[in-house]
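Okay, so here's the structure we're looking at.
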Amino acid sequence: MNSSKTRAVAVPKVATWQRVMAQIARFIVGMIFIFSGLIKINDPVGTQIKLTEYFEVFALDVPSMAGFFHGLIPFTLILSVFFCAAEVVLGVALLLSYRIRFTAWVLLALIVFFTFLTFYSAYFNKVTDCGCFGDAIKLKPWTSFSKDIFLLVLILVIIWQRNVFRNTRTGFLVGMATVLSIGIGVYAIQHLPPLDLLPYAVGKSIPTQMQPSEPLRFSYKMEKDGKDVEFEKYPTDTTYKFKEMILLNESAKPKITDYRVWNDEGDFTQSTFEGNKLMLIIRDLEDLSIGDMPAIRKLMKGVESKNIMPMILTSVSDKEINDFRHEYQLSIPVYKADATVLKTIVRSNPGLWLVSGGVVKGKWHHTDTPTPEEAVALVAAK
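Taking UniProt numbering, the leading residue of the sequence shown gets 1, the next gets one more, and so forth.
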């Protein structure tokens, strides 16, 4: 009589501390990726600008691949939405333990890519603001790199202890996260970021933000006899050799440092804070959307007699902007500003910016051009 023997399969035991560590790692990584992704998908044009900066730097630093990196620049907006939405979706999938192995490996690939970018920025001092958390939290290059190393370690823990997690059937929720995150990105592109975290947002005082919030305090690193010494006040002893000036209260720095408006007659920065100004912002003419120009022209003409001065703020050449004004019958004054500043003021080309007494009263994507009456009502409101 044959007897069958049941062979026991040994299941590796996982210590409690390993389980706890893995669950904590899963929660931290998931939350950080969701937060980072949501902040950036709220403003995909901002992430597009950062990606463009990286590709331009890589094109200069690796001439043999310049064509490849320049070829990616036209697709940076699509890549921006993809990467930002991917962060949200992967974070949600991780928290829900959805296809945990696949999710963890994709997270590893993504964090390795981000770690490379932040290391490159820090080590070579290129693209000094990586935009890891959009405009919500500004991180210095080495801080960004340290953050990515921290996440890399946690993701490796998740992969190491991936058997601790039970896969769940939450594909519908992950799918909803995908649709919602992409939807937010598309809305932000077609209108403006739902949450404006830029210093030129509605309600912000531009002159106030151009000043430090408190007197700036510095320390001075000096050298004497081969030794470094730090002083709170600059020493009068001329035998000390100056090495470095360190800002002690960095948070007090002005939020706006590069806003300047001018034309051939001189600087008009302060005059933009006087009275009511409605500015048509044109960054360049190459990707300018002209479909809403009739509504914009009607707005500009309609506010002239309502105590609001219309003006064009642009970074394009005099000839180009004068040809543009002639073509669209815009007989309003033109002033110049830096292209980067214009991108920060409004994520639309063209865009509209209403300032009263230096305080931002309105900001619009060209697809949401207001009526003259709506603009007048905003400056009249206290």
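Idealized CB from N, CA, C, for every residue including glycine.
Quick check: what's the CA-CA separation for residue i versus residue j?
i, j, result
"lysine 336", "methionine 222", "41 Å"
"leucine 313", "isoleucine 282", "6 Å"
"threonine 239", "serine 213", "35 Å"
"threonine 178", "phenylalanine 102", "16 Å"
"valine 11", "phenylalanine 165", "Low confidence applies to valine 11: its pLDDT is 42, below 50, so where it sits in the model is not reliable enough to give any reading."
"valine 92", "glycine 30", "6 Å"
"alanine 59", "isoleucine 184", "31 Å"
"isoleucine 78", "valine 229", "51 Å"
"glutamine 23", "methionine 300", "57 Å"
"tyrosine 98", "phenylalanine 113", "22 Å"
"lysine 138", "serine 305", "42 Å"
"isoleucine 90", "tryptophan 105", "Just to set this straight, residue 90 is leucine in the shown sequence, not isoleucine. If you take the alpha carbons of leucine 90 and tryptophan 105, they lie about 10 Å apart."
"tryptophan 364", "glutamate 373", "15 Å"
"glutamate 250", "valine 127", "20 Å"
"aspartate 267", "isoleucine 246", "31 Å"
"glutamine 270", "tyrosine 120", "39 Å"
"serine 317", "isoleucine 332", "16 Å"
"phenylalanine 273", "isoleucine 256", "14 Å"
"arginine 325", "threonine 76", "30 Å"
"residue 410", "tryptophan 17", "With the chain represented from 1 up to 382, any question about residue 410 goes unanswered, as that position is not in the structure."
"aspartate 48", "glutamate 232", "Per the sequence presented here, residue 48 reads as glutamine, with aspartate not at that position. Their backbone Cα atoms lie some 41 Å apart in a straight line."
"valine 20", "phenylalanine 116", "29 Å"
"serine 289", "isoleucine 73", "19 Å"
"leucine 107", "glycine 175", "17 Å"
"alanine 375", "serine 219", "47 Å"
"proline 235", "proline 254", "27 Å"
"proline 63", "alanine 109", "26 Å"
"methionine 65", "glutamate 53", "15 Å"
"tryptophan 262", "aspartate 323", "19 Å"
"serine 4", "leucine 151", "Because the pLDDT at serine 4 is just 45, under 50, the model does not fix this residue reliably, and the value given afterwards should be weighed accordingly. Roughly 50 Å between the two C-alpha positions."
"leucine 248", "arginine 217", "5 Å"
"tryptophan 160", "valine 153", "10 Å"
"alanine 381", "serine 356", "10 Å"
"isoleucine 28", "phenylalanine 172", "23 Å"
"lysine 140", "lysine 241", "28 Å"
"aspartate 237", "aspartate 225", "13 Å"
"threonine 367", "alanine 15", "58 Å"
"glutamine 209", "phenylalanine 68", "40 Å"
Can you tell which of the options has its C-alpha closest to the C-alpha of residue i?
i, options, result
"alanine 122", "Arg101, Ala109, Ala381, Lys147", "Lys147"
"tyrosine 187", "Ser348, Thr236, Thr170, Glu232", "Ser348"
"serine 315", "Ser205, Tyr259, Leu151", "Tyr259"
"alanine 25", "Val157, Tyr200, Pro370, Leu342", "Val157"
"isoleucine 34", "Leu95, Trp160, Arg19", "Leu95"
"proline 215", "Ile206, Gly203, Ala252, Asp225", "Ala252"
"leucine 352", "Thr340, Asp338, Thr371", "Thr371"
"valine 379", "Glu327, His366, Asn276, Leu342", "Asn276"
"phenylalanine 83", "Gly46, Ser64, Lys243", "Gly46"
"aspartate 264", "Val334, Lys227, Asp61, Lys224", "Val334"
"tryptophan 142", "Val153, Phe124, Leu152", "Phe124"
"isoleucine 345", "Asp196, Leu330, Ile290", "Asp196"
"alanine 377", "Asn322, Tyr328, Asp338, Asn307", "Asn307"
"alanine 327", "Ser356, Pro310, Arg297, Gln209", "The question names alanine, but residue 327 is glutamate in the sequence shown. Checked all of Ser356, Pro310, Arg297, Gln209; the closest Cα to glutamate 327 is Arg297."
"lysine 50", "Asp287, Phe242, Asp129", "Asp129"
For the alpha helix (DSSP H) containing residue i, name the first residue and the last one.
i, result
"proline 44", "44-61"
"residue 390", "No statement about residue 390 is possible, as the shown extent of the chain runs from 1 to 382 and does not include it."
"lysine 298", "293-303"
"leucine 152", "141-160"
"isoleucine 28", "16-41"
Would you mind stating whether residue i and residue j have Cβ atoms separated by less than 7 Å?
i, j, result
"alanine 85", "isoleucine 182", "yes"
"proline 350", "leucine 280", "yes"
"isoleucine 149", "proline 44", "no"
"leucine 38", "valine 81", "no"
"threonine 340", "aspartate 292", "no"
"glycine 358", "proline 207", "yes"
"phenylalanine 145", "threonine 170", "no"
"lysine 343", "leucine 354", "no"
"leucine 285", "glutamate 320", "yes"
"isoleucine 100", "isoleucine 155", "no"
"proline 194", "asparagine 42", "yes"
Nearer than 6 Å: is that true of the beta carbon of residue i relative to any heavy atom of the ligand MN?
i, result
"leucine 173", "Of ligands this structure carries none, so the ligand MN is not represented either."
Starting from residue i, trace the beta strand (DSSP E) in both directions and tell me its first and last residue.
i, result
"proline 74", "Taken as a continuous stretch (DSSP letters only), proline 74 belongs to no beta strand (DSSP E), as it is neither H nor E."
"tyrosine 187", "Element bounds for tyrosine 187: not the beta strand (DSSP E) but the alpha helix (DSSP H), 171-190."
"aspartate 228", "227-231"
"isoleucine 246", "241-247"
"leucine 278", "276-282"
"lysine 224", "218-224"
"threonine 238", "Per DSSP, threonine 238 belongs to no beta strand (DSSP E) and is neither H nor E."
Does the beta carbon of residue i sit closer than 7 Å to a beta carbon anywhere in chain C?
i, result
"aspartate 228", "Chain labels in this structure do not include chain C; a single protein chain is all it has."
- prompt: Mind pulling the alpha helix (DSSP H) runs of 4 or more residues that sit fully within the segment 76-107?
  reply: If only uninterrupted alpha helix (DSSP H) runs of at least 4 residues are considered, those enclosed by the segment 76-107 are 76-95.
task: Output the residue ranges of the beta strand (DSSP E) runs that lie fully inside the segment 320-378 and measure 3 residues or longer, sorted by chain position.
output: With a minimum length of 3 residues, the continuous beta strand (DSSP E) runs that stay inside the segment 320-378 are 334-336, 351-356, 359-365.
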